[in-house]
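Residue numbers in the sequence shown follow the numbering used here, run continuously in steps of one, and reach 856 at the last position.
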Amino acid sequence: MALGSKIKMVLWILLLAVIGTGLGLWWALPGMVEKQLPFYAGEAGIGSLSLEVRNISLFRADIGSVVIGDPAAPAATIASVQADYSPWDLIHKKVKSIKIAGVQVYAQFDGEAVSLRGLELPASESQAESAPPALPETLPAEIGAISLDSASVNLDWDGKAYRLALAADLVTRGAGVFDCNVKVFPRGQEVACKAAINLPARNIKVRLASEVLDAGRFGDLIHRFSGVLVQGGVKLDAQGGWKEAELTPVSGSAAFTQGQILSGPIKIVSTQEKPLTLKASFRKNQADLALENIHISLPVNVEIPALQTTVLLKDGGLTASGEFDYKVRALPDLPFSMETPAQAKVEFTAARSSNGELAFSIKNAPPKKDITLIHEAAIAFVAQPEWKVHGETDDKGALVVDFFASLPVINVETGVAQATIPGLACTGKVVLAPGKEPVVNAVTEFKDARVWGISPKFQASGIQGKMPFTYPSQTDRGSLSIRAISVAGKRLGSASMTLERKDMFLSLAGNHPDLLIPGLNIEFGGNAGLDDNGEFQLNSHFGVDGHQISGLDMKRFADGLKGYTFDGLLTVKGFASFNRGKLETGMEASLSGGKIQAPEYQMEMNGISLSLNMEDLVAVRSAPRQVFSFDSVKAGSIQMNKGRVEFIVESPQSFFVERSSFSWCKGRVYSPAIHLQAGVSDYELLLFCDRLDFVELLKQLGAPSANGSGSLNGIVPVRITDGNFRFDRGHLYSTPGDGGALKIKGGDDFMNGISSGTPQAGQIALARLALEDYQYEWAKLEINSEGENLMLKLQLDGKPSGPLPLVPDPKTGNFQKVDNPEKGAVFQGIKLNLNIKLPLDLILKYGIKLKDYF
Numbered sequence: 003m004a005l006g007s008k009i010k011m012v013l014w015i016l017l018l019a020v021i022g023t024g025l026g027l028w029w030a031l032p033g034m035v036e037k038q039l040p041f042y043a044g045e046a047g048i049g050s051l052s053l054e055v056r057n058i059s060l061f062r063a064d065i066g067s068v069v070i071g072d073p074a075a076p077a078a079t080i081a082s083v084q085a086d087y088s089p090w091d092l093i094h095k096k097v098k099s100i101k102i103a104g105v106q107v108y109a110q111f112d113g114e115a116v117s118l119r120g121l122e123l124p125a126s127e128s129q130a131e132s133a134p135p136a137l138p139e140t141l142p143a144e145i146g147a148i149s150l151d152s153a154s155v156n157l158d159w160d161g162k163a164y165r166l167a168l169a170a171d172l173v174t175r176g177a178g179v180f181d182c183n184v185k186v187f188p189r190g191q192e193v194a195c196k197a198a199i200n201l202p203a204r205n206i207k208v209r210l211a212s213e214v215l216d217a218g219r220f221g222d223l224i225h226r227f228s229g230v231l232v233q234g235g236v237k238l239d240a241q242g243g244w245k246e247a248e249l250t251p252v253s254g255s256a257a258f259t260q261g262q263i264l265s266g267p268i269k270i271v272s273t274q275e276k277p278l279t280l281k282a283s284f285r286k287n288q289a290d291l292a293l294e295n296i297h298i299s300l301p302v303n304v305e306i307p308a309l310q311t312t313v314l315l316k317d318g319g320l321t322a323s324g325e326f327d328y329k330v331r332a333l334p335d336l337p338f339s340m341e342t343p344a345q346a347k348v349e350f351t352a353a354r355s356s357n358g359e360l361a362f363s364i365k366n367a368p369p370k371k372d373i374t375l376i377h378e379a380a381i382a383f384v385a386q387p388e389w390k391v392h393g394e395t396d397d398k399g400a401l402v403v404d405f406f407a408s409l410p411v412i413n414v415e416t417g418v419a420q421a422t423i424p425g426l427a428c429t430g431k432v433v434l435a436p437g438k439e440p441v442v443n444a445v446t447e448f449k450d451a452r453v454w455g456i457s458p459k460f461q462a463s464g465i466q467g468k469m470p471f472t473y474p475s476q477t478d479r480g481s482l483s484i485r486a487i488s489v490a491g492k493r494l495g496s497a498s499m500t501l502e503r504k505d506m507f508l509s510l511a512g513n514h515p516d517l518l519i520p521g522l523n524i525e526f527g528g529n530a531g532l533d534d535n536g537e538f539q540l541n542s543h544f545g546v547d548g549h550q551i552s553g554l555d556m557k558r559f560a561d562g563l564k565g566y567t568f569d570g571l572l573t574v575k576g577f578a579s580f581n582r583g584k585l586e587t588g589m590e591a592s593l594s595g596g597k598i599q600a601p602e603y604q605m606e607m608n609g610i611s612l613s614l615n616m617e618d619l620v621a622v623r624s625a626p627r628q629v630f631s632f633d634s635v636k637a638g639s640i641q642m643n644k645g646r647v648e649f650i651v652e653s654p655q656s657f658f659v660e661r662s663s664f665s666w667c668k669g670r671v672y673s674p675a676i677h678l679q680a681g682v683s684d685y686e687l688l689l690f691c692d693r694l695d696f697v698e699l700l701k702q703l704g705a706p707s708a709n710g711s712g713s714l715n716g717i718v719p720v721r722i723t724d725g726n727f728r729f730d731r732g733h734l735y736s737t738p739g740d741g742g743a744l745k746i747k748g749g750d751d752f753m754n755g756i757s758s759g760t761p762q763a764g765q766i767a768l769a770r771l772a773l774e775d776y777q778y779e780w781a782k783l784e785i786n787s788e789g790e791n792l793m794l795k796l797q798l799d800g801k802p803s804g805p806l807p808l809v810p811d812p813k814t815g816n817f818q819k820v821d822n823p824e825k826g827a828v829f830q831g832i833k834l835n836l837n838i839k840l841p842l843d844l845i846l847k848y849g850i851k852l853k854d855y856f
């Protein structure tokens, strides 16, 4: 056989052998791979692995149904893994592409660590024992592209399932140079991460970014981790990298827009214009953090433009320092508004050594600008608070914290009173020992406070208080005292009380023995603390339980009341409370069986009664229709009975008399409403007189011998100027067609007061004789004031009951008196016009100047 033919036959045999071998490998290789891969997986620590090699050839491999772990509850499954290559690529350790799809990873979290379901991975070396990882310059094989599709991580956390979908691709740009894109889809939203990998240069550059994410979709997860409720949008942006074996500087931000964060009583809000933003940068051994646009709306309204801090790692320890400015604009639960905020710059430092010792300090630096607080008519100027805190670990491992806080000056002004507290300070210490309850020792105190008023003029000075607070003790006792209390320059005495804390409630009890009213003791008490909802509440009370006042010298109140005494039964019940952000005050006072006497001035008032219900002590406002009444009042010859005044206290500057009335001269006198206001010294009121007994009126005006009948009606205007009473053309008339009789003997003040100004002096004698027994058909009495005198103009139309001992002189026309009345003249009608001047002070005999007290 020729040599050429032999060579061809050998080649055909070799070709058939290769084809046969290839067919054999094509048939046997999948089985071999299915058997060998689990073996190598076991060597890597993966105890259970099953898969199906669906296709493998010289140019492609297709593996499916990859199950890691127990098939009934796998740790991970992969639906498909496809690799594209060529024999030439394999020889040169290259793969064109790898496509992975349908990856499901099952993990579980027990509260401490995350693990794959049913799979125990071999323990890795600790960070302390292993060297920092370094990037390799090359990979064992060169892969043109890798893609991951339809992948998800499924987490079981105490029976609740969470799922995170993701996709990724990696593209080779050159020898050891790759671009990697990873997208995760938390709760259906996209977060993209891009990485540029350069192995020859041993660096990685990473950029993470997102559009605005709906934080509400993660509400359940965030709440589970931190107990915080979140609503709003979050936009993420971060960048960093890896160089050699170290992280390159990393920086990033998270902006929270148009939403709110709720944690217990704390509410933080964020707006589109000023989003709450966290900015951070990290480089070797240093972290710089900034939290911007912090706006806390509850429980207080606080704005912090930026909180900045720097953290340094050194010698196994840590130090931190930073600062921030704050403004407190509102205290929602308190009954006042803040016109100017509380504000300050805060500086803080902290250090933790390698052996765990801790030290920190924080203090504020407030501006010299008072806080202005307003509640209705009250305004307070409070110096900016000053405070500082310092803590450090002692030799026993306990953290000891010392603190100090003060309000240097507090000034309060209302329409009627002012108060000042030179300084309110709190100092204390807290000890936090491992495994023990905290120990707290603190004391709050103030001295030399003062409260004073203008109208009425009063003062409470030398006010001081001290209240300790200790924990774990459940009780503490403190004190509060007032050195001197005075009203209108009269010293009332002092007051003292004890304070007692039980748990988180503070109770007080005390008394004030009044020096002006002997035996009067005002008792007061109350409590303050936090209710079951953590809200501050205060309840207090004060009162006088039926104190009988007997023979009280009223000169104690004013020198002008010399000679006056007072008797009566006084009862007072008052309260002040603050609950759910609302301040309420009130008082009910009553006086019964009252009597005022001044024998020297022939003045006496009996049956005095007062019923007063004050609805608001801060605004000084009463309920409508408060009542003051008396049974009788006598001043000189003036006698009044059954007086009643209904009034309202509208404010410290306003007193409204709704109506008033009293019995006088067997008739009734009424007065309509009148408004009394501070700063007004001139008032006019009308007295409507109904059926006043004419004779009784004359008796009280200086004609005690008067007798007869008849009644008068009319209006008497009264003007009160600077406390002086003046009558302004008051008119009283008899009822038309209803006359009467008068009998007035001479010698009375009334008769002696008939003025010479009465027309024709001779007629004065006629008038006096006629009034001794006079029948009138019509009467009019005009009342006016003239200086300190009361001017009466009496007009009568009638006639004497019989002849008068007077006859006319034929020469002069004047009347002459005769001894025998029967020889006198008989008058068919006489109109009398009499002007009478009476001293008002002598009539009333009240003995005091009303203008000093009105």
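Glycine included, every Cβ here is placed at the ideal spot set by N, Cα and C.
Who does residue i pair with in a DSSP beta bridge?
i, result
"Pro520", "Answer is none; Pro520 lacks a bridge partner."
"Ala177", "Looking at the DSSP assignment, Ala177 forms no beta bridge with any residue, so it has no partner."
"Gly588", "Phe577"
"His549", "Leu572"
"Gly242", "Val208"
"Ser481", "Lys468, Thr500"
"Gly616", "Rather than Gly, the amino acid found at residue 616 in this sequence is Met. Paired residues: Met589, Ser624."
"Trp454", "Gln420, Gln461"
I need the straight-line Cα distance from residue i to residue j, nearest angstrom please.
i, j, result
"Leu60", "Asp158", "42 Å"
"Arg452", "Gly467", "12 Å"
"Lys839", "Ala767", "17 Å"
"Tyr328", "Ala292", "15 Å"
"Gly739", "Tyr778", "10 Å"
"Leu593", "Arg731", "37 Å"
"Met499", "Ala578", "17 Å"
"Ile850", "Leu563", "Bear in mind that a pLDDT of 44 at Ile850, under 50, signals an unreliable position, so the number given afterwards is only what the model happens to contain. Going by the C-alpha atoms only, they are around 7 Å apart."
"Glu788", "Ala421", "46 Å"
"Thr1", "Val574", "Within the shown structure, residues of the chain are numbered from 3 to 856, placing residue 1 beyond reach of any answer."
"Ser713", "Lys801", "18 Å"
"Tyr672", "Ile717", "10 Å"
"Leu836", "Cys691", "22 Å"
"Leu51", "Val68", "7 Å"
"Gln260", "Cys195", "25 Å"
"Ala109", "Ala167", "14 Å"
Could you name the residues of the same chain whose beta carbon sits closer than 6 Å to that of residue i, not counting the 5 residues immediately before and after it, in chain order?
i, result
"Ala625", "Asn615, Glu617"
"Leu426", "Leu409, Phe448"
"Lys782", "Tyr735, Gln797"
"Phe326", "Ile306, Leu309, Val348"
"Ser152", "Ala103, Gly104"
Taking the Cβ atom as the reference point for each residue, do residue i and residue j lie within a distance shorter than 8 Å?
i, j, result
"Gly512", "Ala497", "yes"
"Ala2", "Ile412", "The question about residue 2 has no answer here: the residues shown for the chain are numbered 3 through 856."
"Ser99", "Ala147", "yes"
"Phe817", "Val809", "yes"
"Val403", "Val414", "no"
"Leu482", "Asp516", "no"
"Glu394", "Ala361", "yes"
"Gly190", "Ala217", "no"
Just checking: is the beta-carbon of residue i within a distance shorter than 8 Å of some beta-carbon in chain D?
i, result
"Ala194", "Among the protein chains of the structure shown there is no chain D, as only one such chain exists."
Give me, in chain order, the residues of the same chain whose beta-carbon lies closer than 7 Å to that of residue i; leave out the 5 immediate sequence neighbours on both sides.
i, result
"Lys316", "Asn287"
"Gly548", "Leu571, Thr573"
"Pro841", "Glu790, Asn791"
Note down, in chain order, each residue of its chain lying with its Cβ closer than 8 Å to the Cβ of residue i, except the 5 sequence neighbours on either side.
i, result
"Ala621", "Glu378, Ala379, Ser653"
Could you name each continuous alpha helix (DSSP H) segment of 4 residues or more that falls completely within the region 644–703, going from the start of the chain to the end? 696–702
Along the chain, which unbroken stretches of the beta strand (DSSP E) at least 3 residues long are found entirely within the region 140–165? Here the runs fully enclosed are 144–159.
Just list the beta strand (DSSP E) runs in the region 377–411, keeping only unbroken ones of 3 residues or longer that don't cross its boundaries, in chain order. 380–384, 388–395, 401–409
So within the region 269–294, which uninterrupted beta strand (DSSP E) runs reach at least 3 residues, ignoring any that extend past its ends? 278–285
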